[in-house]
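S.K.: Protein chains in written order, with the numbering used here: chain A, 85 to 193; chain B, 16 to 301; chain C, 7 to 144.
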Amino acid sequence: MADNVTPRIRVPREAAAGEVIEIKTLISHQMESGQRRDGDGNIIPRSIINRFVCEFNGETVIDVTLEPAISTNPYFEFTATVPESGTFTFTWYDDDGSVYTDTKEITVS
Amino acid sequence: MRKVLQRTVAAMALGSIASIAMAQDDGADLVINGEIEITVRAPAPAHMSDTGIDTILSGWVFRSDETRQLEMDDFDNPAFLAVDRGIEAWNTVEGTEGKSCATCHGDVEESMAGVRAVYPRWNEEAGEVRTLAGQINDCRTNQMGADAYAYDKSDMTAMEALISVQSRGMPVNVAIEGPVAETWAQGQELYYTRFGQLELSCANCHEQNYGNYIRADHLSQGQINGFPTYRLKNAGLVQTHNRFRGCIRDTRAETFAVGSPEFVALELYVASRGNGLSVEGPSVRP
Amino acid sequence: MTFNRRQALVMSMGAAAAAVLPLRLSAAIEDNIAAFTGGAEIGEGGITLTAPEIAENGNTVPVSVSAPGATAIMILAAGNPTPAVGIFHFGPLAGAQSASTRIRLAGTQDVIAIAQMPDGSFVQASQEVKVTIGGCGG
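Below, the structure written as structure tokens:
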């Protein structure tokens with residue numbers, strides 16, 4: 085599932101110190117539940133993103149445990165407090181060991 | 016006798032729910048990203064004067080608040096994962112001629128603005144009606160020397176979605192006269208042909224019973240201005256002909272193939288029933 | 007309408023499974039809850055769960071949870087083959103202890119959210135979501 089996995093992330097470019105901002109993330113992933121069968125009646129093995137973490141300058145904003153009941157193309161919306169200028173790091177952990185990472189900068193004026 | 020019985024069964028399937036009051040259009044407006052105004056209801060085009068429909072309605076109107084909201088912000092609309100892939104494909108050189116889409120067409124935002132609104136359309140050189148998917152594949156095989164995309168698979172729907180986005184908010188305006196007239200008439204005939212064991216035509220559900228429920232499904236007018244559409248059921252983009260095929264299969268009929276002359280004609284006719292609505296694709300539907 | 011032996015057998019097995027299933031499911035839910043709460047009592051209030059009353063398709067159902075001050079919120083789908091949906095752990099830089107996602111529901115069922123508060127207590131909220139099973143494929 086390591087192919088075709090691309091994240092979309094929305095973070096404001098600027099914020100005031102201590103402001104609470106909204107973050108949205110979406111990543112393309114089948115989230116194969118392990119409950120489905122293929123045309124020959126065999127179970128299609130589970131293959132999901134099982135964890136998503138958002139950090140800002142190394143400190144945790146949110147750490148999510150995902151189960152197969154999360155929809156295809158996992159979507160999360162949450163908020164973060166921004167104390168200073170810095171970098172958001174977004175990390176998705178795949179069952180197959182793949183790790184997808186992206187970053188967004190924000191400037192505090 | 017057998018035929019009469021089948022008709023009765025089909026009529027019951029629709030009739031039993033026809034008694035439920037037609038769910039009214041609540042008048043909500045669709046504005047995408049707070050700036051792109053989408054016309055979701057418009058006066059029916061003149062050629063529909065005999066249909067009993069005076070206002071054409073986008074499928075968006077028939078959806079629940081939650082589904083509607085998924086389309087009101089491009090970030091909430093999962094189809095934009097495909098649009099991103101489409102942008103990548105647009106700029107990727109493929110085939111024996113060493114070209115990408117961008118080689119000939121440049122910036123997609125400029126060159127493709129308004130394109131989706133007029134397809135399917137007549138291609139003079141080829142002497143045929145061409146869908147957008149057909150044109151994309153013509154470019155790939157004849158201009159790029161690349162393999163054609165599978166007609167209704169994800170590479171095609173991603174490219175269709177990317178091209179469609181450039182026309183969002185513009186009125187659908189497909190030509191129905193001149194060289195396309197014959198194909199259009201063929202499409203119209205298909206629209207009113209009853210298919211399958213249930214003997215249902217497109218019109219039975221989408222002209223005579225839109226707004227009613229067929230079991231748990233809220234029937235729309237079957238407009239295709241929002242295609243390709245991200246279906247929650249498929250968790251992916253669905254191509255127009257794929258939807259046609261599903262509908263005909265649901266009547267328990269052998270269906271036409273995606274990209275077939277029958278579906279090209281039907282697409283032209285159905286698209287023309289949306290003349291005046293905005294291009295809305297890639298939309299979100301359940 | 008008549009059934010042959012095999013059809014009748016299959017149907018009776020189905021009925022037996024249907025009779026047993028709810029017990030198994032609730033045990034699975036209890037296991038999930040116990041793993042999260044450690045068996046602590048669960049109160050009410052201080053947590054909001056927002057989900058549609060009717061979902062047009064069970065594949066993608068938007069849900070939001072909010073519990074001001076919580077350290078974590080777990081979501082369960084009581085009627086799914088496996089009820090666990092996910093757990094949000096909020097870090098020190100979370101702007102609010104709230105989050106939204108999209109989940110799969112196998113049918114009409116209760117969605118449950120349980121929040122762990124910093125004092126070690128737990129609160130929960132639940133809501134039934136009706137999932138319409140459409141007949142029109144595509």
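Just so you know, even glycine gets a beta-carbon here, dropped at the ideal spot from N, CA and C. Model, not experiment: these values are computed from the prediction.
Determine, using beta carbons only, whether B/D80 comes closer than 8 Å to chain A.
M.R.: The residue you call residue 80 of chain B lines up with position 65 of the second sequence. No, its Cβ sits nowhere closer than 8 Å to a Cβ of chain A.
S.K.: Between B/T208 and B/R56, what straight-line distance do the alpha-carbon atoms span, to the nearest angstrom?
M.R.: Translated into positions along the second sequence, residue 208 of chain B becomes position 193. Translated into positions along the second sequence, residue 56 of chain B becomes position 41. The alpha-carbon atoms of B/T208 and B/R56 are separated by roughly 26 Å.
S.K.: Output needed for C/I81: all residues of its chain with C-beta closer than 6 Å, excluding positions within five of it in sequence on either side, in chain order.
M.R.: If you number the third sequence from 1, residue 81 of chain C lands on position 75. The residues are V91, G92 and A119.
S.K.: Between the beta-carbon of A/D186 and the beta-carbon of A/N134, is there less than 8 Å?
M.R.: Here residue 186 of chain A refers to the residue found at position 102 when the first sequence is read from its first residue. Here residue 134 of chain A refers to the residue found at position 50 when the first sequence is read from its first residue. No, they are not a contact pair.
S.K.: Closer than 7 Å, Cβ to Cβ, to anything on chain A: give me those residues from the region 81-98 of chain B, in chain order.
M.R.: The residues in question are F90, P93, F95 and L96.
S.K.: Which of the three DSSP states, helix, strand or coil, is assigned to B/P301?
M.R.: On the second sequence, position 286 is the one that residue 301 of chain B refers to. Correct three-state label for B/P301: coil.
S.K.: Taking only beta carbons into account, state which residues of the region 34-62 of chain C come closer than 8 Å to chain B, listed in chain order.
M.R.: Residues P58, I60, A61 and E62.
S.K.: Please decide whether B/P301 counts as near chain C, where near means a Cβ-Cβ distance under 8 Å.
M.R.: As a first step, residue 301 of chain B must be located in the second sequence, where it is residue number 286. Answer yes: the Cβ-Cβ gap between B/P301 and chain C drops below 8 Å somewhere.
S.K.: Keeping to the same chain, check which residues put their C-beta closer than 6 Å to that of B/Q254; ignore five residues upstream and five downstream.
M.R.: Taking the first residue of the second sequence as 1, we reach residue 254 of chain B at position 239. Closer than 6 Å at Cβ, skipping near neighbours: D167, T172 and P243.
S.K.: So, is the C-beta of A/T196 closer than 8 Å to a C-beta in chain C?
M.R.: What the structure shows of chain A is the stretch from 85 to 193, and residue 196 of chain A is not part of that stretch, so it cannot be assessed.
S.K.: Can you pull the chain B neighbours of C/G68, defined as C-beta to C-beta under 7 Å?
M.R.: Numbered from 1 along the third sequence, position 62 holds the residue referred to as residue 68 of chain C. Reading off the sequence, residue 68 of chain C comes out as Pro, not Gly. Chain B residues near C/P68: E81.
S.K.: Taking the runs of the alpha helix (DSSP H) that are 4 residues or longer, which of them lie wholly in the region 100-165 of chain B?
M.R.: For the region 100-165 of chain B, whole alpha helix (DSSP H) runs of length 4 or above, ordered along the chain, are 116-120, 123-126 and 147-153.
S.K.: Please list the terminal residues of the continuous beta strand (DSSP E) segment that includes B/E56.
M.R.: Residue mapping note: residue 56 of chain B aligns to position 41 of the second sequence, counting from 1. For clarity, residue 56 of chain B is Arg in the given sequence; the question names Glu instead. Here the beta strand (DSSP E) through B/R56 covers R56 to P58.
S.K.: Helix or strand or just coil, what does DSSP make of B/Y284?
M.R.: For the purposes of this step, residue 284 of chain B is identified with residue 269 of the second sequence, where counting begins at 1. Here B/Y284 sits in helix by DSSP.
S.K.: In this structure, does DSSP put A/E116 in helix, strand or coil?
M.R.: As a position in the first sequence, residue 116 of chain A is number 32, starting the count at 1. Residue state, collapsed to three classes: strand.
S.K.: Could you tell me which residues DSSP puts in a beta bridge with B/R264?
M.R.: Taking the first residue of the second sequence as position 1, residue 264 of chain B is located at position 249. According to DSSP, which records beta bridges pairwise, B/R264 is partnered with nothing at all.
S.K.: Beta strand (DSSP E) containing A/N134: first to last residue?
M.R.: For the purposes of this step, residue 134 of chain A is identified with residue 50 of the first sequence, where counting begins at 1. Element bounds for A/N134: I133 to F140.
S.K.: At a Cβ threshold of 8 Å, is A/P152 touching chain C?
M.R.: Within the first sequence, the letter at position 68 stands for residue 152 of chain A. Yes, contact with chain C.
S.K.: Rounded to whole angstroms, what is the Cα-Cα separation between B/A231 and B/D265?
M.R.: The count along the second sequence starts at 1 and reaches residue 231 of chain B at position 216. The count along the second sequence starts at 1 and reaches residue 265 of chain B at position 250. Roughly 14 Å between the two C-alpha positions.
S.K.: Going by DSSP, what residue range makes up the beta strand (DSSP E) through B/S235?
M.R.: The residue labelled residue 235 of chain B in the question sits at position 220 within the second sequence. Neither: B/S235 is in no beta strand (DSSP E) and is coded neither H nor E.
S.K.: Are the region 80-88 of chain B and the region 56-63 of chain C touching by the rule of at least three beta carbon pairs closer than 8 Å?
M.R.: Output reads yes: the region 56-63 of chain C touches the region 80-88 of chain B.
S.K.: With DSSP as the reference, label A/V166 as helix, strand or coil.
M.R.: Along the first sequence, one-based indexing puts residue 166 of chain A at 82. A/V166 falls in the strand class under three-state DSSP.
S.K.: Pop quiz: B/E222 and B/Q158 are said to be a contact at Cβ under 8 Å. What is the actual Cβ separation, rounded to whole angstroms?
M.R.: Taking the second sequence and counting its residues from 1, the one referred to as residue 222 of chain B is at position 207. Taking the second sequence and counting its residues from 1, the one referred to as residue 158 of chain B is at position 143. Actually they do not touch by this definition, with Cβ atoms about 39 Å apart.
S.K.: Quick check: what's the CA-CA separation for B/V123 versus B/G149?
M.R.: Start at 1 with the first residue of the second sequence, and residue 123 of chain B comes out as number 108. Start at 1 with the first residue of the second sequence, and residue 149 of chain B comes out as number 134. Taking the straight line joining both Cα atoms gives about 18 Å.
S.K.: First and last residue of the alpha helix (DSSP H) that includes B/E222?
M.R.: Numbered from 1 along the second sequence, position 207 holds the residue referred to as residue 222 of chain B. Note, B/E222: premise wrong, no alpha helix (DSSP H); not H, not E.
S.K.: If you check the beta carbons only, do B/G291 and B/I71 fall under 8 Å apart?
M.R.: In the second sequence, counting from the first residue as 1, residue 291 of chain B sits at position 276. In the second sequence, counting from the first residue as 1, residue 71 of chain B sits at position 56. Yes; because the gap between Cβ atoms is below 8 Å, this pair is in contact.
S.K.: Cα separation between B/A200 and C/C142?
M.R.: For the purposes of this step, residue 200 of chain B is taken as residue 185 along the second sequence, with counting starting at 1. For the purposes of this step, residue 142 of chain C is taken as residue 136 along the third sequence, with counting starting at 1. Cα to Cα, the separation comes out at about 27 Å.
S.K.: For the alpha helix (DSSP H) containing B/T172, name the first residue and the last one.
M.R.: As a position in the second sequence, residue 172 of chain B is number 157, starting the count at 1. S169 to V180 is the span of the alpha helix (DSSP H), which, as asked, contains B/T172.
S.K.: Could you name the residues of the region 220-251 of chain B whose beta carbon sits closer than 7 Å to any beta carbon of chain C, in the order they occur along the chain?
M.R.: Here the close residues are I229, R230, A231, D232, R246, L247, K248 and A250.
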